[in-house]
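Here the sequence shown is numbered in UniProt numbering, starting from 8 and rising by one per residue.
Just so you know, even glycine gets a beta-carbon here, dropped at the ideal spot from N, CA and C.
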Amino acid sequence: VSLANQIAAGEVIERPASVVKELVENSLDSGADQIIIEIEQGGRRLIRIRDNGSGIPRDELALALSRHATSKIRSLADLEAILSLGFRGEALASISSVARLTLTSKPATQATAWEAWVEGQDMRAELAPASHPTGTTVTVEDLFFNTPARRKFMRTDKTEFAHIEEVVKRIALARFDVKFQLLHNQKQVRLYPAIRAEADATQRISSVCGSSFTDTALRVEEQAGSVSLSGWIAPVHACRHQADVQYFYVNGRMMKDRLLAHAIRQAYGESLQQGIGEERSPTYVLYLELPAQDVDVNVHPAKHEVRFHQARQIHDFVLHGLRSALATADS
Ligand code: ADP
Ligand code: MG
């Protein structure tokens with residue numbers, strides 16, 4: 008196993024949830040609208056992602072497993088967009104250097120499916136015919152079997168699965184149009200049917216965040232030129248003690264940004280801190296959309312940070328949108 012791959016894996020693949028994130032993002036990139044995520048023993052035994060996306064042609068399977076092989080860069084504009092989304096063309100190579108990875112795939116135009124895996128010191132890809140509908144299945148077994156330090160770092164199955172659930176929730180809140188199924192030890196834990204109409208969006212929010220959130224949450228709708236803010240925010244009295252519903256998306260990517268957090272705090276004003284004498288956290292699911300050239304998304308995808316070119320204006324825009332929504336609760 009190549010050391011370079013293992014070092015790369017150390018950066019990207021921290022725990023089972025990181026594998027799930029990379030693989031589900033690949034499925035989404037391939038145009039899938041149905042994704043099944045099977046987990047065994049918190050992901051240490053098995054992680055299997057099935058999708059109905061475009062599939063990988065037989066003669067590209069080996070390439071997909073090699074480092075810096077991405078099919079996603081076709082122009083300089085692509086390159087910029089892709090860098091900002093964190094694509095590096097090495098997720099599959101990294102994962103297969105620290106686990107037993109099998110790639111099974113069939114593009115619609117290919118008569119049969121093929122399966123690929125890497126083996127041996129030189130990470131040579133092996134190929135065999137397989138049975139599979141159009142789309143791709145990636146199976147990852149025995150994560151960190153050859154990296155004892157990482158293996159020791161993993162927590163209980165329950166904790167690792169909780170991290171996986173959180174990854175799936177975050178993605179599900181960004182892609183209402185995709186059906187997600189999550190299983191743990193052969194039992195279905197989450198099912199998010201695809202949402203086809205904008206009007207049904209509350210259903211997805213409710214199944215991910217719970218109806219206690221959607222029952223009280225206020226709608227946020229704010230627009231100024233090419234910038235828009237939409238979503239849901241809980242009124243002050245309904246904010247929970249636990250900060251479990253705090254999702255802010257910028258152009259479809261979840262962010263944890265100080266500027267935005269500040270705007271949210273400020274919108275709630277003093278009332279939040281004074282909430283019946285207890286410390287309360289705002290709860291929200293918010294979507295900010297702005298032209299891609301007005302924002303830099305950190306190249307390191309795990310950091311969830313953004314840089315707005317017009318930070319002050321964005322802050323005040325978000326603040327205004329949230330204040331308007333919160334004001335509807337008071338009247
Ligand atoms: P990246 O996503 O950065 O391109 P990856 O290592 O994650 O790099 O994937 C390598 C390549 O394998 C992708 O560019 C894509 O062509 C192919 N691939 C991976 N997963 C899938 C999938 N689920 N469906 C179709 N193609 C896939
Ligand atoms: Mg990828």
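| Item | Value |
| --- | --- |
| Could you check whether the Cβ of residue 143 sits closer than 8 Å to any heavy atom belonging to the ligand ADP? | yes |
| Excluding the 5 residues flanking residue 214 on each side, which residues of the same chain have their C-beta closer than 6 Å to its C-beta? | 199 |
| With distances taken from each beta carbon to the nearest heavy atom of the ligand MG, which residues come in below 5 Å, in chain order? | 33 and 98 |
| Heavy atom of the ligand ADP less than 8 Å from the Cβ of residue 66, yes or no? | no |
| Taking 8 Å as the cut-off, is the C-beta of residue 40 nearer than that to any heavy atom in the ligand ADP? | no |
| Quick one, are the C-beta atoms of residue 151 and residue 65 less than 9 Å apart? | no |
| Contact check, residue 223 vs residue 242 under 8 Å by CB: the rounded distance? | 6 Å |
| Relative to the ligand ADP, is the shortest distance from any of its heavy atoms to the C-beta of residue 61 smaller than 8 Å? | yes |
| Specify the secondary structure class of residue 191 as computed by DSSP and reduced to three states. | strand |
| Quick one: does the C-beta of residue 45 sit closer than 8 Å to a heavy atom of the ligand ADP? | no |
| At which residues does the alpha helix (DSSP H) containing residue 178 begin and terminate? | 164-179 |
| Within the present structure, is the beta-carbon of residue 100 separated from the nearest heavy atom of the ligand ADP by less than 8 Å? | yes |
| Quick one: residues in its chain with C-beta nearer than 6 Å to the C-beta of residue 257, no 5 flanking neighbours on either side, listed in chain order? | 295 and 313 |
| Touching or not, the region 161-181 and the region 131-143, by the rule of three or more beta carbon pairs under 8 Å? | no |
| Could you check where the alpha helix (DSSP H) with residue 36 kicks off and where it finishes? | 23-36 |
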